[in-house]
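Below is one structure, written out as structure tokens; the observations come after it.
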Amino acid sequence: MKFINFILASIALVSTASSVSADGRCGKGYGSCPKGTCCSKYGYCGVTSEYCGAGCNINYGTC
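In case it helps, mature numbering (1 follows the signal peptide of the UniProt record, and there is no 0) puts the sequence shown at residues -22 to -1, 1 to 41.
Right, here's the structure in full:
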């Protein structure tokens, strides 16, 4: 029974993980930026200060 609970919890965790954005957008409904890029406060992925500076969204990219 504990094993089944573990499997169900693992599936739930994986299904809620953010996927990597395919179109350069990021945030709720879009997914995360590729590794090493930031998610700007406007919801776009990039690496310059416009993306990684004030308002950068740590939940969807590197800040």
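Quick reminder that beta carbons are idealized off the backbone N, C-alpha and C, glycines included.
One thing to note: residue 39 has its Cβ within 8 Å of the Cβ of residue 15. Contact check for residue 8 against residue -2 passes: the beta carbons are separated by less than 8 Å.
In the three-state reduction of the DSSP assignment, residue 17 falls in the strand class. Distance from the CA atom of residue 41 to the CA atom of residue 34, rounded to whole angstroms, is 6 Å. Only exposed fits residue 20, as fewer than 16 other CB atoms lie within 10 angstroms of its CB.
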